[in-house]
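The structure under discussion appears below in the form of C-alpha cells.
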Amino acid sequence: MTKLTYIAHDGTRFDVEAENGSTVMENAIRNAVPGIEAECGGACACATCHVYVDEAWTAEVGEPEAMEEDMLDFAYDVQPNSRLSCQIKVRDALDGLVVRVPERQG
Numbered sequence: 001m002t003k004l005t006y007i008a009h010d011g012t013r014f015d016v017e018a019e020n021g022s023t024v025m026e027n028a029i030r031n032a033v034p035g036i037e038a039e040c041g042g043a044c045a046c047a048t049c050h051v052y053v054d055e056a057w058t059a060e061v062g063e064p065e066a067m068e069e070d071m072l073d074f075a076y077d078v079q080p081n082s083r084l085s086c087q088i089k090v091r092d093a094l095d096g097l098v099v100r101v102p103e104r105q106g
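Residue numbers (UniProt numbering): 1 to 106.
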C-alpha cells in the first residue's frame, strides 16, 4: 500500500493507505477528505478535485496532460503545482505523497 497525506484547507491531516492503480481523488473520497468534491467522478470533466502537490513531489507526480490543463482553467486559485487529483495514479514511487486541498473548488 502507498501512503498518501492530504492536508485540508484548515490544516487537518488525513493520512491514508492507497492501492496502486487507484487515483488520489478516489482515495480522498473513500476517506472523506473535505474539499474534494469530484463532481464528475474522475472523468477529467470538471475541476472539483483540484489539489496542490507538495513542492517536494511535483517532479515525481509529473506535469498535467493537455486535457487536465484545460480543466484546470476552471479551478480556483491555480498555482504552478496544481493538479486534478483524478489524474494522479497511485504507484509505489508516490509513497509519502503530500497534497493540499484549496480553500474551495472551482
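Each residue gets a CB set at the ideal place from its N, CA and C atoms; glycine is no exception.
Because the structure is a prediction, the values reported are computed rather than measured.
Proximity of residue i and residue j at Cβ, strictly below 8 Å
i: Trp57; j: Leu84; result: no
i: Gln87; j: Cys40; result: no
i: Ala38; j: Thr48; result: yes
i: Gly42; j: Phe74; result: no
Residue i versus residue j - alpha carbon distance
i: Glu55; j: Val61; result: 10 Å
i: Glu26; j: Gln79; result: 22 Å
i: Ser82; j: Ala8; result: 15 Å
i: Tyr52; j: Leu72; result: 12 Å
* Write down every uninterrupted run of the alpha helix (DSSP H) in the UniProt domain "2Fe-2S ferredoxin-type" (2-105) whose length is 4 residues or greater and which is fully enclosed by it, in chain order. => Fully enclosed alpha helix (DSSP H) runs of 4 or longer: 24-30, 58-61 and 66-72.
* Are there three or more Cβ pairs, one per stretch, closer than 8 Å when the stretch 18-38 is compared with the stretch 63-72? -> A contact is defined here as three or more CB-CB pairs under 8 Å, and the stretch 18-38 fails this definition with respect to the stretch 63-72.
* At least three beta-carbon pairs within less than 8 Å, the stretch 24-38 to the stretch 66-77 -> These segments do not touch.
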